[in-house]
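Participant: Below you'll find the structure I mean.
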Amino acid sequence: MDLKALIRDIPDFPKPGILFRDITTLLRDPAGLKYSIDTLATKVRDWQPEYIVGMESRGFIFGAALAYELGIGFIPVRKPGKLPAAIHQIEYALEYGTDTLEIHQDAFIPGSRIAIVDDLIATGGTAAATAKLLQGIGCNLVGCAFVIELDALNGRSHLPEIPIISLVHY
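Start counting the sequence shown at 5; every next residue gets the next number (this note's numbering).
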C-alpha cells in the first residue's frame, strides 16, 4: 500500500518553511490505518516487547492500537502535569529551549522489554529523550517504530543502537 498517498503535505505549518506531514488523512482511511498497524505489528512482534510506549500525543494513536494488536500493555509518556501519580521525568533540549516528558513510576517493573512507537521521527529529540528516560529507569529497550521518518534530519542517529523501523521515508 502507498502510505505516502494517504499522508497530506501542509506547507508552512506550524511556521513558514516547514512542510508538515499530516497523518489525519491516513487515520481517516480504514484500509490505510489497518495496513499501518498490521505492518508495524508484523515487524515489532519479533522484538517480543512486553509493553509499547507512545509519546504524547500522536504516539498514543499508533502505540495503543499496536499494543492491542500484539496483546500487550500500552504506557503513555506525557507532557508535564498530566499524570496523577508519582512520576519519572526527563528534560531535553529543543531547537529553542527545553521540554519535559513524564512517565508513571509504577508503569512497569525494571527490566521490562519496551518498544517505543510514534507517528514520526524528525530530529529525534523526543524519541531520544524517551529512550534515555526508559533506560534510566532500568527498562530493556528492544526497538523503536515510526510511521514516518524524515531522513534528511537524521533523527535515528540520536537513538541507542537498537532496531529502528519506519514505514514511510521522506
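All residues carry an ideal CB built from backbone N, CA and C; glycine is no exception. If you're wondering where the values come from, they're calculated on a predicted model, not measured in any experiment.
Helix, strand or coil for residue 127? Go by DSSP, reduced to three states.
Facilitator: Coil.
Participant: Within the same chain, show all residues whose beta-carbon is closer than 8 Å to that of residue 35, passing over the 5 residues directly before and after it, in chain order.
Facilitator: Here the set comprises 5.
Participant: Specify whether the segment 89 to 106 and the segment 31 to 51 touch according to this definition: at least 3 beta carbon pairs, one from each stretch, less than 8 Å apart.
Facilitator: They do not touch, by the three-pair rule.
Participant: Under the assumption that residue 76 contacts residue 54 (Cβ atoms under 8 Å), give the Cβ distance between them as a whole number of angstroms.
Facilitator: Contact flag correct, Cβ pair sits at about 6 Å.
Participant: If you compare alpha carbons, which of 148, 128, 100, 93 is closest to residue 70?
Facilitator: Nearest option by C-alpha distance: 148.
Participant: Excluding five sequence neighbours on each side, which residues of the same chain lie with their C-beta closer than 7 Å to the C-beta of residue 15?
Facilitator: 23.
Participant: By the 10 Å Cβ neighbour count, where 16 or more other Cβ atoms means buried, how is residue 122 classified, buried or exposed?
Facilitator: By the neighbour-count rule (16 or more Cβ atoms within 10 Å), residue 122 is buried.
Participant: Rounded C-beta distance between residue 79 and residue 136? I'm assuming under 8 Å.
Facilitator: Not quite, the Cβ-Cβ distance comes to about 16 Å (not below 8 Å), so this is no contact.
Participant: For residue 118 versus residue 87, is the C-beta spacing smaller than 7 Å?
Facilitator: No. Outside cutoff.
Participant: Sorted by chain position, which residues of the same chain lie with C-beta nearer than 8 Å to residue 74's C-beta, five sequence neighbours on each side aside?
Facilitator: Hits under 8 Å: 45, 48, 49, 53, 56.
Participant: Given that a residue counts as buried once 16 or more other Cβ atoms are within 10 Å of its Cβ, and exposed if not, what is residue 97?
Facilitator: Counting Cβ neighbours within 10 Å, residue 97 comes out exposed, since fewer than 16 surround it.
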